[in-house]
Every structure is written in C-alpha cells, then in structure tokens.
Amino acid sequence: MTIHNAEIAGLFGRYATLLEIKGANPFRIRAYRNAARTIESLPRDVSVMLQEGYDLAELPGIGDDLADKISNIIEREKFFELEKIEKQMPAGLVDLTAIPGLGPKRVKTLFDKLKVRSSEDLAKAVRAGRLKGVRGFGPKFEQSILKALGHPAAEKRVSLAAAEHIAEPLIQYLKAIPGIESVAAAGSYRRRRETVGDLDILVTCQHPEPVVEHFAAYEEVSKTLARGTTKASVRLKSGLQVDLRVVPRRSAGAALVYFTGSKAHNIALRAIGRKRGLKFNEYGVFRGKRWLAGRTEAEVYAQVGLPYIPPELREAQGEFEAARAGHLPRLVAATDIKGDLHVHTEASDGDATIREMADAARALGYAYIAISDHVSRIGIVHGLDAKRLVRQMTEIDRLNAKLQGFRILKSAEVDIAPNGSLALDGGILAELDVVTASVHAKFDLDAAAQTERLIRAMDHTCVNIIGHPTGRLIGEREAYPLDMKRLLAAAKERGCFVELNAQPTRLDLCDVHVRLAKDMGVRVGIATDAHSPATLAYMRYGIDQARRGWLEPDDVINTRPLSALLKLLER
DNA sequence: GCCGTTTTCGGCCCGACTGTTTTCAGTCG
C-alpha cells in the first residue's frame with residue numbers, strides 16, 4: 001500500500017488548517033499549503049521519486065524539514081505531527097472551515113466558547129440560541145450558518161467545455177451593456193485548466209456601478225453572494241459561481257494578470273517585483289505610490305524585464321526561469337494542426353461515414369484524417385474484425401483515388417488485451433498507415449501489470465500510438481494505476497508516440513503527463529477520438545491541454561505535413 | 001517552514017466585501 005501524492009497533499013492541507021485555527025505563524029501555514037500544491041501537481045508519486053534517490057528538498061517550496069516529514073509519512077503511512085495536533089483540536093474543525101464565512105478564527109471562537117467540534121455541534125448550538133452572546137456572531141451569521149448546514153455546498157468543478165457553455169453567453173451579455181470597454185474571462189478558465197471551479201470575469205469601463213447592477217440582474221443568476229461597487233459574486237442556476245470585477249482601462253492588463261493567476265504564479269511574480277522595489281496589484285505596477293504600468297499584460301511583465309507569459313503556463317512550474325532565459329516555448333496553436341489521428345465512423349461506434357468525416361476534416365483545413373475504428377475481440381462497441389477492416393481499407397483506397405490534396409489514412413484503434421496482446425494479430429495491422437492501441441477493459445490491474453500491458457502492446461512493431469493512455473474520465477473514472485515514466489521511456493525506445501485525447505471528458509494525457517512526455521522527448525499526437533463530424537472541433541481542447549504541457553509544434557506529430565508524418569510513423 | 005542576482009536572517013501579496021461594530025476583524029480570492 002503506497003501513499004499517493006494527493007493523500008500527502010491532503011494531510012498537509014489538514015495540518016495547515018489546524019495550525020491556522022491554533023493561530024500559528026501564518027507563513028509556516030503557507031509553507032505547508034505551498035508544499036501541498038507542489039506535491040499535488042507532480043507528475044509522479046513522491047514515494048517513487050524517493051525510491052529512485054531523488055532529493056525532495058529540491059522541489060519548490062519544500063525544504064529539508066518538509067522533505068523529512070514526507071519521507072516519514074511514506075515510511076510510516078501516517079503524519080505524526082498531524083496526529084499530535086489532532087489530540088489538542090478535534091479533526092472535525094477542519095470540516096467546519098468549509099462552511100462559507102467560517103474561517104479559522106471563527107471556528108476557534110466557536111470551539112473555545114461553545115465547545116463546537118463538528119457541524120452537528122454547530123447546528124445544535126445555533127438552534128439552542130447559544131450563538132447569541134458570542135461576540136462577532138450576529139443574527140445574519142446565524143441565518144447563513146443554518147442555511148449552509150442545510151445545504152452543504154456540493155461545489156464541484158465543471159469541465160472546461162461545460163464552463164464554456166456557461167461563460168460565453170454571459171460574456172456576450174456583458175459586452176452588450178452600454179459603456180462597457182472590454183470583457184474577458186480570467187482565472188483557471190483562461191489558463192485552460194481541464195476543469196474550472198468558478199468563473200472570473202473582468203470588465204473595464206468608466207462607471208462600474210451600473211455594470212455590477214446589470215451583472216447581478218443576469219437571468220441565469222440564482223443568488224447574489226456579495227455585491228459592492230466594483231466587484232460582485234453570484235451563483236448561477238447551473239451551480240457555478242461567477243466573480244465579476246470592474247477596473248479602469250489603464251488597469252486592464254494588471255487586473256488580467258492578477259485575476260488570471262495562478263495564485264502561485266502571482267506570488268512568484270510579486271516576489272520578483274519586490275526585489276526591484278515594485279508593488280503589483282490589480283490596478284497596476286507601482287513604485288511607492290507612483291503608477292508605472294498596467295494597460296496590457298505585456299507592459300506588466302516588462303516591468304520586471306520579462307516577456308509576456310501565455311496564461312496556460314502561469315502555474316509557477318518553471319515559466320519564470322524559462323522567460324528569464326528567453327526560452328519560453330512557442331506553444332502549439334490550432335493553426336499548426338494538419339490533421340486528426342483518431343476518429344470513428346459508423347463502421348464501429350461512430351455516427352458518420354468515412355466520406356463525411358473526411359469532408360468535415362477538409363473543411364477544417366486539414367491535410368489528412370486517420371479513420372481508426374475499434375478493432376476488438378468480441379463485445380466492445382461493434383469492433384471490426386480482419387475481414388471488415390480489409391473491406392474498409394479498400395473503400396479508403398477508392399475514396400483517396402478521388403481526393404486531391406487530402407489523404408484518408410488507414411488506421412485502427414486496436415484493443416489491448418490484459419496480457420498486452422492485440423485484439424488483432426498478423427500482417428493486416430502492418431498494412432495500416434497508423435495504429436493506435438488502447439485499453440478499454442480490465443482497468444483494475446496494479447500499476448506494474450498495467451504498465452507492462454501497455455509496453456507489451458508497443459512491442460508489436462505495427463503500433464504507433466498509445467490511445468488515451470490513462471483511461472481516465474474526468475469526474476467519472478480515475479486513471480488506472482500506471483507508471484507513466486516507465487511507459488514513456490518504453491515509448492521512446494520503440495519509436496512510439498502517446499495520444500493526447502481531446503475529448504473534453506478525457507483530456508488524456510493530463511497536463512503534467514504531457515509536460516513529462518515533452519521533457520522525456522516523447523512526441524504526442526493530439527486527436528479528437530471524434531464519433532461525428534461536429535466533434536472534430538474538440539481538437540481545440542486538446543490544444544489547450546497541449547499548451548498547458550508546454551508543447552511546441554515540433555513536439556506534436558500531427559503538425560507535420562502528410563509526408564513527414566508518414567515518415568515519422570515508420571518503425 | 002521556505003528562501004536568497006540586495007539577505008543564511010528577516011522577510012514572506014494584498015485589496016474588496018461582509019457583518020458587526022462604531023472603526024474593524026475576518027474571510028475570500
């Protein structure tokens with residue numbers, strides 16, 4: 001039983017909250033939170049890194065002390081300091097801080113004065129009217145606490161695609177308000193994270209009050225959470241929270257940096273500024289009281305001698321070092337993509353014909369599309385057998401003969417059996433232009449076996465790409481256990497590639513694994529796995545994720561023209 | 001508890017909003 005990064009991050013998070021309630025040094029608390037964030041966003045388990053002799057103190061925000069504590073947690077499978085503090089303060093206090101409006105200070109007051117140690121205790125105390133004599137807890141607070149206890153905030157992050165469906169109409173609505181100069185979505189939405197917890201909308205205009213008023217009157221608003229003169233927060237009927245912020249025009253760039261985040265990026269940016277005697281806030285860059293810049297984001301970064309850093313990179317994961325050295329990646333963009341490497345037709349579980357998919361791809365300006373219907377042993381989504389695959393290849397030849405300047409690639413998404421063998425053996429797969437091999441069943445192997453399974457699949461020299469390598473479905477199904485580093489090393493040895501599946505529910509590989517692939521020199525194929533012509537448009541979600549993984553056009557195989565792609569696919 | 005191209009000590013982001021108070025602490029992002 002190994003401890004995974006998320007659990008270690010969780011332990012540090014709980015510990016930080018309890019320290020906060022206890023009233024410990026705020027910077028020590030922040031150190032634990034920073035460390036938790038670092039650990040959570042690592043591509044590999046720290047337990048594995050430790051085994052390989054990696055010095056955890058080299059990780060950002062982790063020093064000798066925390067490195068020791070992490071090793072101890074991994075060794076003993078418990079966090080001694082957390083258990084110690086939980087003897088002084090009930091663990092339930094951590095959950096109380098999840099109630100909106102209840103932070104560490106108030107939770108401590110409730111514990112000290114009323115012996116409240118859990119949400120049940122709190123509910124009883126409120127109903128018994130015991131909150132009344134406690135300083136700082138008025139009638140409104142009682143109301144909101146009761147309400148929160150009745151409806152536990154089942155806040156869930158939504159997929160980026162779902163967030164788009166909510167954000168875009170709202171942005172259009174705001175743009176139509178008279179006097180509006182600009183409207184932009186910031187936050188994790190702008191950084192193109194695969195899921196979004198809330199929306200941050202930034203508006204510039206001369207007179208903020210009417211804008212805030214219009215915003216609160218948006219028909220999708222179910223509740224106004226807070227509303228001032230330049231700022232408001234609402235919850236929409238969809239459940240998503242939206243924060244609006246209005247700033248003057250000369251602050252547009254500064255505010256965009258500020259509200260795009262990430263938090264870690266902003267903290268690092270401010271630290272750099274501070275060394276130069278500069279102060280950064282949402283209104284601009286200041287020296288003392290003097291405003292220096294803030295109209296555009298580039299202007300803000302230029303104040304500390306840095307080039308513009310694309311939002312997708314703003315995660316404090318090396319972008320400042322790269323920017324300083326002039327090595328920021330030229331991120332792959334939609335216009336770089338020359339074709340789609342993974343689509344289905346009605347021959348398996350798709351909706352359209354080969355011709356329809358090809359026409360749709362051409363309309364997108366592509367030079368090629370790979371028809372990769374399922375090839376599987378019995379049972380899975382009408383997989384093709386050898387006979388039907390041969391027939392499909394003949395049809396593709398016939399269609400290609402009529403096409404000019406466009407090529408339909410013969411392909412297949414071949415199922416990988418638990419032992420790593422392919423659903424279809426023999427020479428026929430070798431006749432395809434590109435073969436993607438994927439796992440569709442038996443997700444519960446342990447990491448070693450699952451990794452071995454995928455590596456065995458790549459031993460077949462016909463295989464080019466591992467499809468949706470981790471099998472995760474965002475918010476529905478966890479990735480199967482897998483040693484990604486080993487898989488990537490094996491792919492590199494064999495001249496194989498990994499897919500970045502652009503389905504918004506998959507986005508598999510995730511951003512950190514994409515970055516790992518890049519660092520290890522394994523090229524990536526961005527593919528939509530489209531089952532209809534319309535969903536070829538999912539490509540842009542794949543590109544978003546690729547950019548978050550620092551991919552440049554050369555790192556992506558389907559940025560190449562047909563001839564170069566085919567050459568790359570020879571093994 | 002972390003960190004260092006001003007520092008191995010002395011810093012560590014900061015402004016808006018709410019509720020409760022009567023000038024501000026706490027929370028949030």
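Counting from 1, one number per residue, gives the positions in the first sequence under the working numbering. Using N, Cα and C, we set each Cβ at its ideal position, and we do this for glycine too.
C-beta atoms of residue i and residue j nearer than 9 Å
i, j, result
"Ala181", "Arg249", "Checking the sequence, you will find Glu at residue 181 rather than Ala. For Glu181 and Arg249, yes; Cβs fall inside 9 Å."
"Asn400", "Thr436", "no"
"Val212", "Lys231", "yes"
"Tyr283", "Val247", "yes"
"Ile369", "Ala352", "no"
"Leu608", "Leu199", "A query on residue 608 cannot be resolved here, the shown segment of the chain reaching from 1 to 571 and no further."
"Ile39", "Leu19", "no"
"Leu328", "Ala334", "no"
"Gly475", "Val512", "no"
"Gly467", "Leu409", "no"
"Ala517", "Asp483", "no"
"Leu240", "Val158", "yes"
"Asp433", "Leu566", "yes"
"Gly420", "Asp459", "yes"
"Leu306", "Arg330", "no"
"Phe215", "Leu174", "yes"
The alpha helix (DSSP H) enclosing residue i, as first and last residue numbers
i, result
"His265", "263-275"
"Leu202", "Unbroken run through Leu202 is the beta strand (DSSP E), 198-205; no alpha helix (DSSP H)."
"Ile85", "80-88"
"Ala448", "447-459"
"Ser47", "46-51"
"Leu225", "Leu225 -> not in any alpha helix (DSSP H); beta strand (DSSP E) instead, spanning 221-227."
"Val435", "Looking at the DSSP string, Val435 is not in any alpha helix (DSSP H); the run it does join, the beta strand (DSSP E), is 434-438."
"Pro43", "Where Pro43 is concerned, there is no enclosing alpha helix (DSSP H), given that its DSSP letter is neither H nor E."
"Ala401", "386-402"
"Glu493", "484-494"
"Gly92", "92-96"
"Glu478", "It is not in any alpha helix (DSSP H) - Glu478 carries neither H nor E in the DSSP assignment."
Residues of its chain near residue i, where Cβ-Cβ distance is below 6 Å and the 5 sequence neighbours each way are ignored
i, result
"Ala316", "Ala264, His265, Ala268"
"Val116", "Leu110, Leu122, Ala125"
"Thr575", "Given a span of 1 to 571 for the chain in the structure shown, any question on residue 575 remains unanswerable."
"Glu356", "Pro533"
"Thr451", "Leu482, Asp483, Arg486, Leu487"
"Ile85", "Leu18"
"Leu66", "Ala35"
"Ser262", "Arg314, Glu315"
Opening and closing residue of the beta strand (DSSP E) in which residue i lies
i, result
"Gly525", "524-527"
"Leu102", "Run containing Leu102: none; DSSP gives neither H nor E here."
"Leu236", "231-236"
"Thr17", "Careful: Thr17 lies outside any beta strand (DSSP E), inside the alpha helix (DSSP H) at 5-22."
"Ala417", "Run containing Ala417: none; DSSP gives neither H nor E here."
Inter-residue Cα distance where the pair is residue i and residue j
i, j, result
"Arg235", "Cys510", "28 Å"
"Lys387", "Arg76", "56 Å"
"Leu202", "Leu160", "18 Å"
"Ala537", "Thr528", "8 Å"
"Pro178", "Thr260", "25 Å"
"Gly13", "Lys105", "17 Å"
"Leu57", "Ile74", "Leu is not the amino acid found at residue 57; the sequence shown has Ala there. The straight-line gap from Cα to Cα measures roughly 15 Å."
"Gly133", "Leu170", "43 Å"
"Thr559", "Pro553", "6 Å"
"Asp68", "Thr505", "37 Å"
"Ser375", "His344", "The sequence given here places Val at residue 375; Ser does not occur at that position. Taking the straight line joining both Cα atoms gives about 11 Å."
"Lys492", "Asn281", "45 Å"
"Asp373", "Arg407", "17 Å"
"Pro210", "Leu244", "13 Å"
"Asn5", "Arg44", "8 Å"
"Tyr480", "Asp446", "8 Å"
"Trp291", "Arg274", "15 Å"
"Leu454", "Ile416", "8 Å"
"Leu131", "Gln206", "43 Å"
"Arg377", "Glu431", "19 Å"
"Gly197", "Gln404", "46 Å"
"Thr97", "Met89", "13 Å"
"Glu570", "His342", "17 Å"
Close Cβ partners of residue i (< 7 Å) along its chain, the five nearest in sequence each way excluded
i, result
"Ala546", "Val332, Leu500, Val514, Val524, Ile526, Val556"
"Tyr308", "Glu297, Ala298, Tyr301"
"Arg362", "Phe406"
"Ile573", "With the chain covering only 1 through 571, there is no way to say anything about residue 573."
Same chain, Cβ closer than 8 Å to residue i, neighbours up to 5 away in sequence not counted
i, result
"Phe141", "Gly101, Leu131"
3 or more residues per run - each beta strand (DSSP E) lying fully within the region 241-329
241-247, 279-281, 284-287, 290-293
Enumerated in chain order, which unbroken segments of the alpha helix (DSSP H) with a length of 4 residues or greater are wholly contained in the region 500-543?
511-519
Residue ranges of each beta strand (DSSP E) run of no fewer than 3 residues wholly in the region 328-375, ordered along the chain?
339-343, 368-371
Which runs of the alpha helix (DSSP H) fall wholly inside the region 119-183 and span at least 4 residues, in chain order?
119-127, 139-150, 160-175
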